[in-house]
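Chains as they are written, first to last, in the working numbering: chain A, 1 to 184; chain B, 185 to 594.
Yeah, the Cβ is synthetic: ideal placement off N, Cα and C, and Gly gets one too.
This structure is a prediction, so every number in the text was calculated from the model and none was measured.
Written below as structure tokens is the structure these notes are about.
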Amino acid sequence: MRLIAILVINLFIINNAEAQIGRFVNQTEIGLLTGSNQYLNFSARSFNGIRFKGAPIEAGIAVGVDTYSQFTITPVSVSCRWNPLETNSVSPYLSFDMGYGFDWLQHKREGRSYFGGYLLSPSAGIRVKTSRNAKVVLNLSYKRQEASVLTDSNLPFLNTPNFKAYDTSEFIFRRLYMSVGLSF
Amino acid sequence: MKTLRLLLMLLPFVILTSCKDKIKETVTYKTRVPVYLSISDIRAQSITVVKSQPVTSPGKIYIYGDYLFVNEQNKGIHIIDNSNPALPKLINFISIPGNVDMAVNDNILYADHYIDLLAIDISNPKSVKVVKTVEGVFESYLIDKVNGIFMTFKDTVITTTVNSDGFPSRSNQMDALASNSFASDSRSYGTGGSTARFTLMNDNLYTVDNTTLKLFNVTSPSAPSFVKTINIGWGLETVFPYKNKLFIGSRTGMHIYDASSPSNPVKLSTYNHFTSCDPVVANDKFAYVTLRSGTSCRNGINVLDIINIEDLSKPKLVSSFPMLNPHGLALFNSNLFICEGTNGLKSFQVNEGSNPVNINQLEFVKDFDAQDVIVGPKSLIVTGSLGIQQFDYSNPAALNKLSQINLTNP
């Protein structure tokens with residue numbers, strides 16, 4: 001619900017800004033999060049922003065879903081892209097996302113508290129023009145996402161009244177994100 | 185150009201080595217760590233009365249006149265003026281390191297002090313005096329007699345941090361936690377009444393530890409003397425006296441001893457059951473045993489067993505009733521009170537005349553932690569993780585809460 005609200009507000013702001021300062025840009029990707037010694041995890045990201053008039057810069061908000069093995073995170077970030085050769089048939093870009101990953105889509109288990117955390121993600125990629133209006137995107141990012149889980153284990157065999165055992169797992173997910181998508 | 189090519193070749197390695205999750209797992213738990221103490225140092229410390237202390241970790245409870253004695257596990261005994269159960273007053277605290285259980289006989293308090301038994305004159309609760317020490321009788325500690333030291337355990341909060349770059353190795357930590365269970369287990373929270381390990385009968389003090397029954401002659405209350413140790417078997421938990429009989433609850437069954445010759449109890453029988461935790465209470469005809477499941481009680485079941493003990497040499501199960509998680513229990517005339525752990529406290533009417541014996545639930549005070557219960561002259565005293573609660577039981581079908589002594593976190 002919160003995710004939908006953010007998307008709606010985001011589009012509303014961007015649509016209003018569009019007419020005066022530039023044009024609307026969307027880039028939506030799906031891909032895999034990987035790293036050494038890790039499983040492959042599914043991830044998706046949608047960027048909605050403005051390409052400014054007279055500058056090779058796009059700015060907006062990116063919202064996504066990262067399904068790490070231990071945690072499903074909903075990252076919401078401010079995203080800035082540099083795409084100097086936009087008119088070419090193959091145009092490279094660099095981008096930088098900074099934001100916060102929320103626990104909204106995490107399945108909540110009793111006795112556990114979930115906390116999201118900060119997100120940093122630099123990316124590089126290319127957009128390839130197709131015959132239609134849309135461009136195919138090949139993207140490579142580095143993602144650094146913080147998150148933590150507090151497990152309140154009321155272990156019966158410890159047999160100590162007024163005291164519970166606590167287990168805090170603090171994660172720093174550091175992954176390579178490879179994705180494909182569409183941009184228009 | 186060459187440098188650029190080299191950099192490009194190295195790039196995948198750089199990316200892959202830096203793309204590793206970092207996981208920091210912090211586990212905080214309370215456990216008991218071994219501590220070595222010198223026997224002479226312990227005996228040199230005087231047993232003193234200090235001003236009342238907050239109740240943090242209550243153990244056994246004992247009623248003596250208008251006073252309530254509450255053990256603070258391994259630290260000493262709270263003295264509570266309970267002349268008005270609606271307004272119990274903590275009056276002072278007897279500091280006895282290593283104390284777990286107690287009994288009172290003619291103004292003499294018997295208390296364990298690590299490996300020794302103390303007889304303490306409490307006729308003036310504000311100025312108690314140790315009148316006798318029976319040395320080295322409790323063997324539940326690891327004693328090195330040559331060097332005069334013994335090992336005990338101390339409550340400690342431990343925080344461990346494990347850093348990894350993969351998945352957390354939770355199983356290792358659970359093993360570490362489990363290995364401490366034995367230590368905590370021998371000093372369980374279950375308290376007083378039906379879960380007592382000290383009891384007085386016919387001028388004798390009977391104590392049980394994990395495997396033995398010990399006898400002390402207390403004909404002269406201020407001068408207890410050690411009589412003997414009787415080996416009974418593994419997993420002893422409680423001792424309940426009734427009319428020259430001793431009912432000893434263990435994890436595998438209930439042992440019945442005839443103590444009509446007080447200094448020489450004779451085994452009459454053993455009633456075996458599933459390995460389970462089992463406080464016992466009894467009257468002329470029947471013994472009431474609760475069996476519960478729980479990690480420290482192994483593969484238990486949750487029931488109340490009623491056992492016919494008219495022929496003490498052949499105890500016979502007559503009825504069994506399912507319970508939620510029964511802990512301590514108390515019998516008062518035809519009323520039976522059973523602590524159901526975190527589920528609350530149940531009050532039953534027992535009909536021993538019917539065949540088989542039937543119980544009728546009168547009330548279920550829900551949703552508070554009840555570990556053990558004692559029927560006092562003025563109130564029903566229930567201990568649990570919330571503290572010490574007292575109920576008016578004049579109408580067992582409508583238990584009325586009178587007061588609560590809250591616990592303070594240390």
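Contact check, residue i vs residue j under 8 angstroms by CB: the rounded distance?
i, j, result
"B:A303", "B:P425", "Not confirmed; about 19 angstroms, so no contact."
"B:S538", "B:P580", "Between B:P580 and B:S538 the Cβ distance is about 18 angstroms, and since that is not below 8 angstroms, they are no contact."
"A:N88", "A:D66", "The Cβ separation is near 31 angstroms, so there is no contact."
"B:N527", "B:L508", "5 angstroms"
"B:I491", "B:V502", "7 angstroms"
"A:L33", "A:K143", "7 angstroms"
"B:M335", "B:P218", "5 angstroms"
"B:S236", "B:F277", "6 angstroms"
"B:D250", "B:S267", "4 angstroms"
"B:A582", "B:E536", "Rounded, the Cβ-Cβ distance is 23 angstroms, inconsistent with contact."
"B:S434", "B:S497", "Actually they do not touch by this definition, with Cβ atoms about 18 angstroms apart."
"B:Y455", "B:V465", "With 8 angstroms as the limit, B:Y455 and B:V465 do not qualify as a contact, their Cβ atoms being about 14 angstroms apart."
"B:K244", "B:D339", "Between B:D339 and B:K244 the Cβ distance is about 17 angstroms, and since that is not below 8 angstroms, they are no contact."
"A:D97", "A:A62", "5 angstroms"
Using a Cβ-Cβ cut-off of 6 angstroms (strictly less than) and excluding sequence neighbours within five positions of residue i, which residues of its own chain qualify?
i, result
"A:G49", "V25, E58, A59 and G60"
"A:I85", "One detail in the question is off: residue 85 of chain A reads as Leu in this sequence, not Ile. The answer, listed in chain order, is S91."
"B:G560", "I247"
"B:S569", "D553"
"A:E170", "S148"
"A:R23", "R51"
"A:A124", "L94 and L140"
"B:S444", "N428"
"B:V346", "E209"
"B:E319", "D300"
"A:R127", "S91, K135, V137 and S183"
What does DSSP give as the partner residue(s) for residue i in the beta ladder?
i, result
"A:C80", "A:A59 and A:F96"
"A:R51", "A:R23 and A:E58"
"B:L570", "For B:L570, which the question treats as bridged, DSSP gives no partner whatsoever."
"A:G117", "A:G101"
"A:S141", "A:S123 and A:Y177"
"A:E29", "A:R45 and A:G181"
"B:K611", "With chain B running from 185 to 594 in the structure shown, residue 611 of chain B is simply not present."
"B:N415", "B:T396"
"B:D551", "B:D551 is not bridged to any residue."
"B:Q533", "B:N519 and B:N544"
"B:S409", "B:N401"
"B:T336", "B:V219"
"B:E256", "B:P242 and B:G260"
"B:M286", "B:A295"
"B:M438", "B:G433 and B:Y455"
"B:A342", "Residue 342 of chain B is actually Ile in this sequence, not Ala. BP columns for B:I342 point to B:Y213."
"B:Q588", "B:Q573"
"B:A466", "B:A471"
Between which residues of its own chain and residue i is the CB-CB distance below 8 angstroms, once the five residues before and five after are set aside?
i, result
"A:K108", "Y114"
"A:G112", "Inspection of the sequence shows that residue 112 of chain A is occupied by Arg rather than by Gly. Within the same chain, A:R112 has close Cβ partners V149, L150, T151 and D152."
"A:N133", "F184"
"A:V180", "E29, I30, G31, V136, V137, L138 and N139"
"B:P510", "T474, L475, R476, N486, V487, L488, I522, C523, E524 and G525"
"A:Y39", "S69"
"B:S518", "Q533, V534, N535 and E536"
"B:V284", "G243, K244, N255, Q257, N258, D296, R371 and R381"
Ignore the nearest five residues each way along the sequence and tell me which others in residue i's own chain have a CB closer than 7 angstroms to its CB.
i, result
"B:D413", "Residue identity check: residue 413 of chain B is Thr in the sequence provided, not Asp. The residues are T396 and K398."
"B:L586", "P269, A270, S563, Q574, F575 and D576"
"B:F172", "Residue 172 of chain B lies beyond the range of chain B shown here (185 to 594); nothing can be said about it."
"B:T592", "P238, V239 and T240"
Counting only beta-carbon atoms, is residue i nearer than 9 angstroms to chain E?
i, result
"B:L271", "The structure shown contains no chain E; the protein chains it does contain are A and B."
With a cut-off of 8 angstroms, do at least 3 Cβ pairs link the stretch 144–151 of chain A to the stretch 60–74 of chain A? yes
Could you check whether the stretch 209–217 of chain B touches the stretch 542–553 of chain B, counting it as contact only if at least three pairs of C-beta atoms, one from each stretch, sit closer than 8 angstroms? no
Would the stretch 390–401 of chain B count as touching the stretch 251–260 of chain B if we require 3 or more Cβ pairs under 8 angstroms? no
If contact is defined by three or more beta carbon pairs under 8 angstroms, each pair taking one atom from either stretch, is the stretch 311–327 of chain B in contact with the stretch 437–452 of chain B? no
For the stretch 327–338 of chain B, which residues have a CB atom closer than 8 angstroms to at least one CB atom of chain A, in sequence order? none
Check whether the stretch 413–431 of chain B and the stretch 329–340 of chain B touch, using three or more Cβ-Cβ pairs below 8 angstroms as the test. no
For the stretch 165–180 of chain A, list every residue whose C-beta sits within 8 angstroms of some C-beta in chain B, in sequence order. A165, Y166, D167, T168, S169, E170, F171, I172, F173, R174, R175 and L176
Are the stretch 282–295 of chain B and the stretch 305–318 of chain B touching, with three or more C-beta to C-beta distances below 8 angstroms? yes
Near-chain A residues of the stretch 202–232 of chain B (beta-carbon distance less than 8 angstroms), N- to C-terminal order: S202, C203, K204, D205, K206, I207, K208, E209, T210, V211, T212, Y213, K214 and T215
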